[in-house]
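Inspection log for the structure reproduced underneath, given as structure tokens.
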Amino acid sequence: MGKLFAVILAVITAVSAGVFIARVWWLPPDISVLGAGIDHQLGETMIASGVLFVVSQLVLAAFVWQYADAGDGRPIKIFPGGATPMVVMATVLVGIEILVLTLVGTKVWAGIFLSPPDPNALHIDVQAEQFAYYFRYPGPDGKFGVPHPELIDDGNGNFFGLDPANDTTARDDIVSASLVVPVNLPVLLTLHAKDVGHAFYVPELRIQQDFVPGLVIPLQFTATETVKKEIVCTQLCGLGHFNMRAYLEVKPPDQFAQWLTEQAAQ
Amino acid sequence: MSDTPAPPPVRRRETVEKVTALKHRPPTGFLRTYVFSLDHKVIGKQYLDLALVAVVTGMVLSWLMRFHLAYPDVAIPGLGRLAPTRGAGGVMTPELYLSLMTMHGTIMVFFVLTTAPFAGFGNFVLPIQVGAEDMAFPRFNMMSFWVTCVAFLVLLAAFFVPDGPPLSGWTAYAPLSAIGKDAGPGQGGGQTLWALSIAIFCVGQLLGSLNFIATTLDLRTRGMTLMRMPYSTWAWFITSVIGLIAFSVLLPACILLILDRVAGTSFFVPAGLVVSDRLQPHSGGSPLLWQHLFWFFGHPEVYIAILPGFGIVSHILPAFARKPLLGPKIAVGCMAAIGFLSYTVWGHHMFLSGMNPLSATLFSVPTLIITIPATIMVLLWIGTIYGSRLRFTTASLFCLGFVSVFVSGGISGFFLAQPSIDTYLHGTYFVVGHFHFVMGVAAMFGIFAGTYFWFPKMYGRMMNETLGKIHFTLTLIGVYATFMPMHYLGLAGNVRRYSAFTDDYMKGSQPLHRFITMAALFTGAVQLIFLVNLVWSRLRGAKAPDNPWQATTLEWSVPSPPPFDNFGGKHPVVVHGPDEYGGTSPEGDFVLQAAPPASGTA
Numbered sequence: 001m002g003k004l005f006a007v008i009l010a011v012i013t014a015v016s017a018g019v020f021i022a023r024v025w026w027l028p029p030d031i032s033v034l035g036a037g038i039d040h041q042l043g044e045t046m047i048a049s050g051v052l053f054v055v056s057q058l059v060l061a062a063f064v065w066q067y068a069d070a071g072d073g074r075p076i077k078i079f080p081g082g083a084t085p086m087v088v089m090a091t092v093l094v095g096i097e098i099l100v101l102t103l104v105g106t107k108v109w110a111g112i113f114l115s116p117p118d119p120n121a122l123h124i125d126v127q128a129e130q131f132a133y134y135f136r137y138p139g140p141d142g143k144f145g146v147p148h149p150e151l152i153d154d155g156n157g158n159f160f161g162l163d164p165a166n167d168t169t170a171r172d173d174i175v176s177a178s179l180v181v182p183v184n185l186p187v188l189l190t191l192h193a194k195d196v197g198h199a200f201y202v203p204e205l206r207i208q209q210d211f212v213p214g215l216v217i218p219l220q221f222t223a224t225e226t227v228k229k230e231i232v233c234t235q236l237c238g239l240g241h242f243n244m245r246a247y248l249e250v251k252p253p254d255q256f257a258q259w260l261t262e263q264a265a266q
Numbered sequence: 267m268s269d270t271p272a273p274p275p276v277r278r279r280e281t282v283e284k285v286t287a288l289k290h291r292p293p294t295g296f297l298r299t300y301v302f303s304l305d306h307k308v309i310g311k312q313y314l315d316l317a318l319v320a321v322v323t324g325m326v327l328s329w330l331m332r333f334h335l336a337y338p339d340v341a342i343p344g345l346g347r348l349a350p351t352r353g354a355g356g357v358m359t360p361e362l363y364l365s366l367m368t369m370h371g372t373i374m375v376f377f378v379l380t381t382a383p384f385a386g387f388g389n390f391v392l393p394i395q396v397g398a399e400d401m402a403f404p405r406f407n408m409m410s411f412w413v414t415c416v417a418f419l420v421l422l423a424a425f426f427v428p429d430g431p432p433l434s435g436w437t438a439y440a441p442l443s444a445i446g447k448d449a450g451p452g453q454g455g456g457q458t459l460w461a462l463s464i465a466i467f468c469v470g471q472l473l474g475s476l477n478f479i480a481t482t483l484d485l486r487t488r489g490m491t492l493m494r495m496p497y498s499t500w501a502w503f504i505t506s507v508i509g510l511i512a513f514s515v516l517l518p519a520c521i522l523l524i525l526d527r528v529a530g531t532s533f534f535v536p537a538g539l540v541v542s543d544r545l546q547p548h549s550g551g552s553p554l555l556w557q558h559l560f561w562f563f564g565h566p567e568v569y570i571a572i573l574p575g576f577g578i579v580s581h582i583l584p585a586f587a588r589k590p591l592l593g594p595k596i597a598v599g600c601m602a603a604i605g606f607l608s609y610t611v612w613g614h615h616m617f618l619s620g621m622n623p624l625s626a627t628l629f630s631v632p633t634l635i636i637t638i639p640a641t642i643m644v645l646l647w648i649g650t651i652y653g654s655r656l657r658f659t660t661a662s663l664f665c666l667g668f669v670s671v672f673v674s675g676g677i678s679g680f681f682l683a684q685p686s687i688d689t690y691l692h693g694t695y696f697v698v699g700h701f702h703f704v705m706g707v708a709a710m711f712g713i714f715a716g717t718y719f720w721f722p723k724m725y726g727r728m729m730n731e732t733l734g735k736i737h738f739t740l741t742l743i744g745v746y747a748t749f750m751p752m753h754y755l756g757l758a759g760n761v762r763r764y765s766a767f768t769d770d771y772m773k774g775s776q777p778l779h780r781f782i783t784m785a786a787l788f789t790g791a792v793q794l795i796f797l798v799n800l801v802w803s804r805l806r807g808a809k810a811p812d813n814p815w816q817a818t819t820l821e822w823s824v825p826s827p828p829p830f831d832n833f834g835g836k837h838p839v840v841v842h843g844p845d846e847y848g849g850t851s852p853e854g855d856f857v858l859q860a861a862p863p864a865s866g867t868a
């Protein structure tokens with residue numbers, strides 16, 4: 001029975017690790033400036049924990065194979081050196097790994113969430129609601145109109161509750177159902193929710209951020225390739241959660257400018 | 267007994283003994299013997315039976331979910347009759363999927379993973395292991411079970427309200443869970459029942475935790491010093507301390523949630539929300555407050571589920587390795603360290619929640635540090651196997667399986683503990699794979715190990731070992747086939763909590779989802795072997811001797827099943843450690859904890 005267990009465990013380990021190593025299922029190609037840092041961190045963690053996974057499963061399998069009771073009454077043996085050296089070694093090794101991963105990882109994290117917004121960033125206001133996203137560009141005046149929740153009227157297309165009659169800054173705001181951005185230009189999103197919690201996730205950008213009702217949350221990224229990708233919701237928001245999505249369209253600067261002009265004209 | 271040297275008496279033992287002797291006599295009627303029993307052994311079995319009902323319910327829900335994910339358009343026979351509106355024609359609506367998911371998570375976490383390993387086995391075994399006649403507060407103990415039972419019924423009632431069961435997940439994030447019917451189907455009466463059920467459950471667990479703590483500290487028999495306590499008792503004791511703090515935070519959180527829903531308060535709902543075209547009459551609340559309160563409970567809850575497993579494995583493995591656990595003091599220290607650290611890491615569930623990004627680093631470091639005691643525990647178990655005479659019973663195999671799946675699940679935690687990686691993997695199937703391994707499957711393996719190990723003591727009959735070994739082997743393969751591929755899905759960005767994958771990039775994951783569904787249905791079917799074994803052995807199993815495993819702790823020095831007062835009116839005097847295997851004694855290669863000391867010291 002012990003040998004069967006050992007063999008099954010070894011096979012499970014080999015298959016599990018093999019699929020990771022062969023990258024049968026893997027991250028989609030990265031299209032952002034900060035994605036490389038995240039991929040690197042994930043790769044390093046994958047190697048370290050992959051080795052740990054394979055070694056510990058195989059040692060477990062080997063010991064179970066080796067030390068099955070043969071009924072010969074052989075004396076038991078204590079692990080060489082006892083528990084203390086093993087514990088010290090584990091603490092030091094895991095401790096070093098934690099330290100390295102934290103030092104490197106904090107830099108990556110800070111690059112996304114703690115660095116001040118680029119002064120040249122394109123600012124886009126994002127509202128999430130059951131079960132859609134709306135993206136607002138400030139228009140030629142460079143200023144966003146003030147939202148008023150009580151004026152929100154989806155039926156008339158006033159998703160943000162703007163008051164163009166009394167608020168001059170709101171008159172030129174451009175609202176789009178897609179997130180259209182120019183390539184290689186830093187983008188600053190401000191995320192807010194209309195009703196319940198939602199999230200912004202674009203796997204290709206490697207970023208994810210919750211929308212929290214009552215909070216306005218900044219999120220920055222720079223897309224490096226002209227693509228059209230899905231933005232999906234990762235925070236359970238109700239029955240239509242699975243279907244809540246919008247598109248991220250990354251365009252060359254001239255096409256983006258043209259798109260913006262067309263939208264403003266509407 | 268008089269010829270043994272008297273170890274230092276345990277403080278306050280005499281006073282408590284008098285109290286229990288006065289209030290606690292063997293019952294006579296059927297109701298007081300089997301239903302409203304004060305006997306910790308009956309209550310322990312009741313908890314395990316409740317967990318069995320709950321786990322079957324939760325598992326059936328997961329089959330329905332998995333089937334729908336793999337074959338979204340194929341009708342499920344009978345579903346149309348069970349859920350005429352949401353399962354019309356046998357195909358479930360998105361809201362029914364989310365409701366099943368919510369109920370699956372809630373039932374499994376609260377009514378299986380908390381009740382079975384902690385309240386179930388703990389109740390039956392802990393008092394005997396410390397040499398007590400019963401728990402310190404038998405009436406609280408009975409109340410604890412029946413309160414938990416009521417909580418379960420209240421939760422199930424959510425299936426039958428007109429608005430349907432809740433769909434906000436087992437985490438019930440506000441404001442989705444707090445604003446009522448406007449938030450969509452399932453967010454009416456069903457969600458209120460959910461919050462009420464969890465609040466009631468908290469009361470039951472608080473009573474249980476207090477009882478465990480008092481029993482461990484005050485009712486230990488003579489000679490049962492702290493370091494002679496079996497590791498399982500240590501684990502239950504530490505778990506009860508964690509539970510006492512965790513549930514006393516979740517209880518008020520649930521009360522506040524109920525008030526937000528029914529009394530118009532705004533603890534978790536901010537101003538200016540427009541839901542279903544209606545401006546909500548709330549202001550001043552914070553959705554993050556719910557998340558903080560929930561996860562301050564929620565993360566320690568992971569350890570409430572898994573620490574008893576640590577104790578059970580540390581207790582059972584030496585019995586079958588025929589040698590003492592490597593590093594006993596280190597093992598106890600690690601479990602205590604995990605218990606303490608479990609309160610410093612809750613924010614790792616909230617890296618992307620909009621809380622200050624600086625605090626992500628603050629929560630990441632202790633999360634990574636908690637891997638050190640967990641790693642040490644694994645090394646101690648593997649080191650215990652080294653040089654042993656390992657006997658393969660179903661119980662020991664499940665312990666070995668526990669070590670394997672705990673390693674697998676623990677390692678994927680390394681990814682999620684780092685905010686810079688969590689920013690990609692959060693909200694994907696990687697997380698689902700991770701927690702199912704580390705707190706679902708590992709804890710279940712602990713429960714299985716405990717069942718196969720203590721069943722003879724509980725029912726006086728042996729379980730069938732052949733069926734047990736088949737059950738173990740197929741289950742091990744099944745759980746890896748189910749949960750390992752979820753990590754691959756997560757890496758590919760596959761989002762969790764979706765009732766269907768209509769997004770372009772997720773459509774490609776459908777074949778893997780089908781594979782997972784097949785594996786899940788297979789694993790579920792294998793559990794029928796366990797159920798058959800359980801029922802058959804309870805009725806027809808071979809008579810169990812007092813000590814079938816040649817184990818050392820006090821429960822193995824009393825008859826199977828033990829008499830009402832556990833020790834037949836005598837008090838055992840403990841003179842040995844909990845795992846003295848591998849030596850020689852009149853009994854064999856082990857020394858019972860209550861065996862008289864070796865000649866020369868008497």
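As given, the protein sequences belong to chains E and W, one line each in that order. Everything in the first sequence is counted per the working numbering, starting at 1 for the first residue and increasing by one. Everything in the second sequence is counted per the working numbering, starting at 267 for the first residue and increasing by one. Heads up, the beta-carbon is just placed ideally off N, CA and C, and yes, glycines get one too.
Asked                                                                                                                                                                            : Found
Quick one, which of Ser826/W, Val824/W, Val840/W and Gln816/W has its alpha-carbon nearest Ser851/W's?                                                                           : Gln816/W
Per DSSP, what kind of secondary structure is Ser176/E in: helix, strand or coil?                                                                                                : strand
With a cut-off of 7 Å, does the C-beta of Thr226/E fall near any C-beta of chain W?                                                                                              : no
Considering only C-alpha positions, which residue in the set Gly593/W, Ala766/W and Ala708/W is nearest to Phe749/W?                                                             : Ala708/W
Is the CB of Thr168/E under 7 Å away from at least one CB in chain W?                                                                                                            : no
Where does Ile582/W land, buried or exposed, given buried means 16+ other C-beta within 10 angstroms?                                                                            : buried
Check the Cβ-Cβ distances between Ala758/W and every residue of chain E, and say whether any is below 7 Å.                                                                       : yes
I'd like to confirm the pairing. Which residues does DSSP put opposite Lys228/E in its beta bridges?                                                                             : Glu249/E
What number of angstroms, rounded off, separates the C-alpha of Thr234/E from the C-alpha of His198/E?                                                                           : 7 Å
Going along chain W, which residues have a C-beta under 7 Å from Arg136/E?                                                                                                       : None at all; the shortest Cβ gap to chain W is about 16 Å.
Thinking just about the alpha-carbon of each residue, which of Asn184/E, Val212/E, Leu58/E and Val232/E is nearest to the one in Asp195/E?                                       : Val212/E
With three or more C-beta pairs closer than 8 Å as the rule, is the region 484-491 of chain W touching the region 831-850 of chain W?                                            : yes
What ranges does the alpha helix (DSSP H) occupy inside the region 422-493 of chain W, keeping only unbroken runs of at least 4 residues that lie completely in it?              : 455-484
According to the neighbour-count rule (16 or more other Cβ atoms, all chains shown, within 10 Å of its Cβ), is Val100/E buried or exposed?                                       : exposed
Could you tell me the alpha carbon to alpha carbon distance between His578/W and His548/W, rounded to whole angstroms?                                                           : Looking at the sequence shown, residue 578/W is not His but Ile. About 48 Å.
With distances taken Cα to Cα, identify the nearest neighbour of Ala61/E among Lys3/E, Trp25/E and Leu219/E.                                                                     : Lys3/E
Please list, in chain order, all residues of the same chain as His370/W whose beta carbon is under 6 Å from its beta carbon, the five residues on each side excluded.            : Gly324, Leu327 and Ser328
Taking the alpha-carbon positions, what's the Ile713/W to Ala382/W distance?                                                                                                     : 7 Å
Of the choices Ala385/W, Thr741/W and Phe513/W, whose alpha-carbon is the least far from that of Thr499/W?                                                                       : Ala385/W
How about Ala68/E: is its C-beta nearer than 7 Å to some C-beta of chain W?                                                                                                      : yes
If you compare alpha carbons, which of Cys520/W, Val469/W and Leu555/W is closest to Leu459/W?                                                                                   : Cys520/W
Looking at Leu545/W: is its Cβ nearer than 7 Å to the Cβ of Glu150/E?                                                                                                            : yes
Which residue's Cα is closest to the Cα of Pro428/W: Gln453/W, Ile445/W, Val413/W and Ala440/W?                                                                                  : Gln453/W
Hey, how far is the Cα of Gly613/W from the Cα of Phe467/W?                                                                                                                      : 24 Å
Check the C-beta distance from Lys595/W over to Arg727/W and give it rounded, since I have them as a contact under 8 Å.                                                          : About 36 Å; that fails the 8 Å criterion.
Indicate whether at least one CB of chain E lies closer than 7 Å to the CB of Thr689/W.                                                                                          : yes
Tell me whether Met729/W is buried or exposed, calling it buried when 16 or more other Cβ atoms sit within 10 Å of its Cβ.                                                       : buried
For the region 671-682 of chain W against the region 116-124 of chain E, are there 3 or more C-beta pairs whose distance is under 8 Å?                                           : no
Would you check if the distance between the CB atom of Arg291/W and the CB atom of Leu236/E is smaller than 7 Å?                                                                 : no
Count the other C-beta atoms from every protein chain shown that fall within 10 angstroms of the C-beta of Val801/W, then say buried if there are 16 or more, exposed otherwise. : exposed
So what does DSSP say about Asp855/W, is it helix, strand or coil?                                                                                                               : strand
Determine, for Gln209/E, whether the minimum Cβ-Cβ distance to residues of chain W falls below 7 Å.                                                                              : yes
Given this structure, state the Cα-to-Cα distance separating Leu523/W from Ala10/E, to the nearest angstrom.                                                                     : 48 Å
Is the Cβ of Asp873/W closer than 7 Å to any Cβ of chain E?                                                                                                                      : As shown, chain W starts at 267 and ends at 868. That puts residue 873/W outside it, with no answer to give.
Could you tell me the alpha carbon to alpha carbon distance between Thr792/W and Ala529/W, rounded to whole angstroms?                                                           : Sequence inspection shows Val at residue 792/W; the Thr mentioned does not correspond to that position. Their Cα atoms are separated by approximately 47 Å.
Would Ala17/E count as contacting chain W if we go by Cβ distances under 7 Å?                                                                                                    : no
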